[in-house]
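Enquirer:
2 protein chains.
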Amino acid sequence: MNPPPLLSKVCLAVDCMGGDHGPSVTLPACQAFLAAHPEAELMLVGRAAALAPAASWPRCTIVPATEVVEMDDSIEVALRRKKDSSMRVAIGQVKPDANGAAAAQACVSAGNTGALMAVSRYLLKTLEGIDRPAIATVMPNERDGFTTVLDLGANVDCTAEHLLEFAVMGSALVAAVEGKEDPTVGLLNIGEEAIKGSETIKRAAELLRAAAESGHLNFHGNVEGNDIFKGTTDIVVCDGFVGNVALKTAEGLASMLSNFIRQEFTRNVYAKLAALVALPVLKHFKARVDHRRYNGAALLGLRGLVFKSHGSADAYAFEQALNRAYDAARHGLLERVHDRILETLSAMPAVVNEEEPAAHATEPTA
Amino acid sequence: MNPPPLLSKVCLAVDCMGGDHGPSVTLPACQAFLAAHPEAELMLVGRAAALAPAASWPRCTIVPATEVVEMDDSIEVALRRKKDSSMRVAIGQVKPDANGAAAAQACVSAGNTGALMAVSRYLLKTLEGIDRPAIATVMPNERDGFTTVLDLGANVDCTAEHLLEFAVMGSALVAAVEGKEDPTVGLLNIGEEAIKGSETIKRAAELLRAAAESGHLNFHGNVEGNDIFKGTTDIVVCDGFVGNVALKTAEGLASMLSNFIRQEFTRNVYAKLAALVALPVLKHFKARVDHRRYNGAALLGLRGLVFKSHGSADAYAFEQALNRAYDAARHGLLERVHDRILETLSAMPAVVNEEEPAAHATEPTA
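Same order as they appear, the protein sequences are chains H and R.
Residue numbering for the first sequence is 0 to 365, as defined by numbering that gives the first Met the number 0.
Residue numbering for the second sequence is 0 to 365, as defined by numbering that gives the first Met the number 0.
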């Protein structure tokens, strides 16, 4: 596969009201992003008054939206009640019109994940060949690179076919954003021989092997939880429940260790002096594992690009989510996912891909 | 529930050949354990020649076994071929005779988990009321305590009833070893409202709530992966696939961060000097999160106590596994699990507890 040429003009639609902090974080992030990307354009979506400071910014359009999806709003509320929410209006900007053109090439929101996925699914619909959209993020690994992990919580019960879809979409993402055209894929499993995986995992391994044999996937085999951080494969595929637990467990451990380090270096006068001496080293370490650098999860499998920032992101972290969305859009991620899925599925006669009733994609009855 | 009196005389059966290192690790650990516990007795199981150095040790019996279950032996081999393995002979010591008395009160092995669980299940059978034995370990938390997590890989596909069993067994373990008679239990779930758990998890939450209402469980509610390290609850319950992924992910992240810290403190001359100054602080930090301190997972739900050491344990870590097994046996863990399960199930008329075909517990056909 030859990489498609870079899109020359990319506009991002930004839900400026989402997340824990809203415009106080999203606006400075947008300003920094515009300064760093002289060819990029932004559509800032939200309450007009809140976005007034950006009225004079270059390459910037303000799109008013009167409502805000709160972090604890249910999907029900986001879908049926708040039809003029900044989240919904922002997602709407990436929906193609009758001619296939969209106002924006990707949307970024720090709003709540469940609502973002549900509204995206409802407004954009899934790509041909995709039964379940998935959420993909990157985690740092020992090779000083990133491991892309999906799904992270969009799908609790997955079939083997869904895991194959995730593998293909993840490959398209890594190819687009990291420029690796043939990234390796690992299937997350457990190591004990007695109990090696459920029937679903075993069947998923068969499908992934079949896709590899037809030349449409670089399947490494089973991997375990620690392989995410070893960087054994470029991509780790799992169902959303397992992926979410792995992500949250890693976040919890990182937070505990960081608190312990802080406590140890403030325990007494000697420790505080040692902290002063070690400061440059500790800073370098901290920067290396700074989770803000990895902010920006991709919602894959929709007919439009949507990126999810962590709800608690600060301006630096939100800017990274903008960067990721921008890179993905410029590198034609949408078309890549579309093409890879169709190529892979057409090469696999055995794959049954029945559409399940997708509760969150149905028309709201108002 | 009043805690039962401490057992005055406890003997541990030790599989001295198991693990990556065998007697070179297990024997020094046993020696240190005997020195620290002047009332404890050990049965050292393994090849007579390898255990000869221990022949003159006090409170120590050598039990010969001619075979060794290797770390990569299949369950098949461990169960059917190696009938005189040190693992099997050691487990056999905790099996009660016709009068209900056993030669040892707990068994410790660093052998491979799948084989250990299968042989234990075959020789000891499950306790009344237990459908699936589980593996429980502890992880450190921010409260400078431990969170007990189960299952860690014995059961890939779990029903809601299995998760209830795990919750009750985990409660018995924490009550016995940590002296908390009414420990809190969290059900591992994911946070997104859209997608809050599978049907199994939802039903498990109902069962746990019912057990709590009848006064037989201290159910906190759902928890997420990060709550393991926050110490939100004393116990976190999940199926074996999820638990294994969480554990391995945490191990992988800890290993990566520890490598990064080492790299940063050796990056250049200044960093090396800083490392010297910071050494006492870093050592304290390292000791605080030393995973060897938490070594020793409990196989729960069997008619005998079996503890599993990490295969790569060094002598210090293996000694901790001996300590955990000794504490559990002295505090009557076996009877506690038995009593708690029967009390809880008898108070829950709605619980159906159908025996599933248990592949690894069947009689080997030789």
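In this text, a Cβ means the ideal position worked out from N, Cα and C, and glycines have one as well.
Quick caveat: nothing in here was measured; it's all calculated off a predicted structure.
Check G169(H) in the structure and name its three-state DSSP category.
Expert: By 1-based counting over the first sequence, the position of residue 169(H) is 170. G169(H) falls in the helix class under three-state DSSP.
Enquirer: What did DSSP end up calling D83(R) once you bin it into helix, strand or coil?
Expert: Stepping through the second sequence from its first residue, residue 83(R) is reached at position 84. Three-state DSSP puts D83(R) in coil, outside helix and strand.
Enquirer: I want to verify the contact list: residues of chain H whose CB lies under 8 Å from the CB of L187(R), in sequence order.
Expert: Your numbering for residue 187(R) matches position 188 in the second sequence. V244, listed in chain order.
Enquirer: M168(H) touches chain R at which residues, Cβ-Cβ below 9 Å?
Expert: By 1-based counting over the first sequence, the position of residue 168(H) is 169. Within chain R, no residue comes near M168(H); the closest Cβ sits about 18 Å away, beyond 9 Å.
Enquirer: Quick check: the Cα distance between A193(R) and G21(H), rounded to an integer number of angstroms?
Expert: To locate residue 193(R), count along the second sequence from 1; it is residue 194. To locate residue 21(H), count along the first sequence from 1; it is residue 22. Any reading at A193(R) needs caution, since the residue's pLDDT is 38, under 50, leaving its predicted position unreliable; the model's value is listed next. Each residue's Cα considered, the two are about 22 Å apart.
Enquirer: Can you say whether E263(H) is buried or exposed, counting buried as having 16 or more other CB atoms within 10 angstroms of its CB?
Expert: By 1-based counting over the first sequence, the position of residue 263(H) is 264. Buried.
Enquirer: So, with DSSP's three-state summary, where would you put M42(R)?
Expert: Position 43 of the second sequence, counted from the first residue, corresponds to residue 42(R). Three-state result, M42(R): strand.
Enquirer: So that I know if they touch, is there some Cβ in chain H lying closer than 8 Å to that of A193(R)?
Expert: The residue you call residue 193(R) lines up with position 194 of the second sequence. Summary for A193(R): the model assigns pLDDT 38, below 50, so the residue's position carries little reliability, and this model does not support an answer.
Enquirer: Determine the burial state of N188(H): buried for a count of at least 16 other Cβ atoms within 10 Å of its Cβ, exposed for fewer.
Expert: As a first step, residue 188(H) is located in the first sequence; it is residue number 189 there, counting from the start. By the neighbour-count rule (16 or more Cβ atoms within 10 Å), N188(H) is buried.
Enquirer: For P139(H), does the three-state DSSP call read helix, strand or coil?
Expert: The sequence position of residue 139(H) within the first sequence is 140, counting from 1. Three-state DSSP puts P139(H) in a strand.
Enquirer: Along the beta strand (DSSP E) that carries A12(R), what are the first and last residues, could you check?
Expert: Indexing the second sequence from 1 puts residue 12(R) at position 13. That run of the beta strand (DSSP E) goes 10 to 14.
Enquirer: For E205(H), which residues of its own chain have a beta-carbon under 6 Å away from its beta-carbon, when the five flanking residues on both sides are left out?
Expert: Translated into positions along the first sequence, residue 205(H) becomes position 206. There are no such residues.
Enquirer: Any C-beta of chain H within less than 8 Å: which residues of the region 251 to 277 of chain R qualify?
Expert: Cβ contacts with chain H come from G251, L252, A253, S254, M255, L256, N258, F259, I260, E263, F264, R266, Y269, A270, L272, A273, A274, V276, A277.
Enquirer: Are the beta-carbon atoms of Y325(H) and A53(H) separated by less than 8 Å?
Expert: Translated into positions along the first sequence, residue 325(H) becomes position 326. Translated into positions along the first sequence, residue 53(H) becomes position 54. Going by C-beta atoms, Y325(H) is not nearer than 8 Å to A53(H).
Enquirer: Report the neighbours of E223(R) on chain H: residues whose CB is nearer than 7 Å to its CB, in chain order.
Expert: The sequence position of residue 223(R) within the second sequence is 224, counting from 1. Here the neighbours are K247.
Enquirer: Between E164(R) and G303(R), how many whole angstroms is the CB-CB distance? I'm expecting something under 8 Å.
Expert: Along the second sequence, one-based indexing puts residue 164(R) at 165. Along the second sequence, one-based indexing puts residue 303(R) at 304. With 8 Å as the limit, E164(R) and G303(R) do not qualify as a contact, their Cβ atoms being about 17 Å apart.
Enquirer: Scan the region 228 to 314 of chain H and note each continuous beta strand (DSSP E) run of 3 residues or more that stays entirely inside, going in chain order.
Expert: The region 228 to 314 of chain H contains these whole beta strand (DSSP E) runs: 234 to 236, 296 to 299, 305 to 307.
Enquirer: Please report whether the beta-carbon of G152(R) lies at a distance below 8 Å from any beta-carbon of chain H.
Expert: Translated into positions along the second sequence, residue 152(R) becomes position 153. Chain H contact via Cβ: present.
Enquirer: So N294(R) contacts chain H; which residues on that side make the cut at Cβ distance below 8 Å?
Expert: As a working mapping, residue 294(R) is identified with position 295 in the second sequence. Residues of chain H passing the Cβ test: none, with the nearest at roughly 17 Å.
Enquirer: Is there a Cβ of chain H sitting closer than 8 Å to that of H161(R), yes or no?
Expert: Reading the second sequence from its first residue, position 162 is the one you call residue 161(R). No - not a single Cβ of chain H is within 8 Å of the one on H161(R).
Enquirer: Check the Cβ of I227(R) against every Cβ in chain H and list those closer than 7 Å, keeping chain order.
Expert: Along the second sequence, read from residue 1 onward, the residue named residue 227(R) stands at position 228. Near I227(R) (Cβ distances below 7 Å), the residues of chain H are T248, G251.
Enquirer: Might you give, ordered along the chain, the residues of its own chain that have their beta carbon closer than 6 Å to the beta carbon of P95(H), omitting 5 neighbours on each side?
Expert: As a working mapping, residue 95(H) is identified with position 96 in the first sequence. Excluding residues within five positions, the ones whose Cβ falls inside 6 Å are A101.
Enquirer: Do you know whose CA, among Y315(R), R291(R), S308(R), N322(R), lies nearest G17(R)'s CA?
Expert: Your numbering for residue 17(R) matches position 18 in the second sequence. Per the Cα distances, S308(R).
Enquirer: Counting only beta-carbon separations shorter than 8 Å, does H283(H) have a partner in chain R?
Expert: If you number the first sequence from 1, residue 283(H) lands on position 284. For H283(H), the answer is yes, since a Cβ of chain R falls inside 8 Å of its Cβ.
Enquirer: Using the beta-carbon of each residue, which ones in chain B are nearer than 7 Å to D156(R)?
Expert: Among the chains of the structure shown, chain B does not appear; the protein chains present are H and R.
Enquirer: If you run the structure through DSSP and keep just helix, strand and coil, what is P63(H)?
Expert: Here residue 63(H) refers to the residue found at position 64 when the first sequence is read from its first residue. Note: P63(H) maps to strand in three-state DSSP.
Enquirer: Taking only the alpha-carbon atoms, compute the straight-line gap between I200(R) and V235(R) and give it to the nearest angstrom.
Expert: Locating residue 200(R) in the second sequence gives position 201, counting from the first residue. Locating residue 235(R) in the second sequence gives position 236, counting from the first residue. Roughly 13 Å separates the two Cα atoms.
Enquirer: Restricting to Cα atoms, I'd like to know which of V336(H), M138(H), M347(H), S345(H) is closest to T125(H).
Expert: Reading the first sequence from its first residue, position 126 is the one you call residue 125(H). Comparing Cα positions, the closest option is V336(H).
Enquirer: In chain order, which continuous runs of the alpha helix (DSSP H) of length 4 or greater are located wholly inside the region 99 to 151 of chain H?
Expert: Listed in chain order, they are 112 to 123.
Enquirer: Just checking, does the region 144 to 155 of chain H make contact with the region 165 to 178 of chain H on the three C-beta pairs under 8 Å criterion?
Expert: Judged by Cβ distances under 8 Å, the region 144 to 155 of chain H makes contact with the region 165 to 178 of chain H, as three or more pairs qualify.
Enquirer: Who are the Cβ neighbours of S119(H) in its own chain at under 6 Å, not counting the five residues just before and after it?
Expert: Walking along the first sequence from the start, residue 119(H) turns up at place 120. Same-chain partners within the cutoff: I90, L298, L301, V305.
Enquirer: Assuming the contact rule is C-beta atoms closer than 8 Å, A28(R) and A103(R) should be a hit. Round their C-beta distance to whole Å, please.
Expert: As a position in the second sequence, residue 28(R) is number 29, starting the count at 1. As a position in the second sequence, residue 103(R) is number 104, starting the count at 1. That pair is no contact at about 16 Å.
Enquirer: Of all the options M70(R), A166(R), V241(R), which has the alpha carbon lying nearest to the alpha carbon of T232(R)?
Expert: In the second sequence, the residue the question calls residue 232(R) occupies position 233. The residue with the shortest Cα to Cα distance from T232(R) is A166(R).
Enquirer: For the ligand HEM, I want to know if V235(H) counts as a neighbour, meaning its beta carbon is within less than 7 Å of at least one of the ligand's heavy atoms.
Expert: As far as ligands go, the structure on display features none, and thus does not contain the ligand HEM.
Enquirer: Between T65(R) and R46(R), which are expected to be in contact by the criterion C-beta below 8 Å, what is the C-beta distance as a whole number of angstroms?
Expert: Locating residue 65(R) in the second sequence gives position 66, where the first residue counts as 1. Locating residue 46(R) in the second sequence gives position 47, where the first residue counts as 1. Confirmed, Cβ separation roughly 7 Å.
Enquirer: The region 134 to 151 of chain R: which residues have C-beta closer than 8 Å to a C-beta of chain H, in chain order?
Expert: Those would be P139, N140, E141, in chain order.
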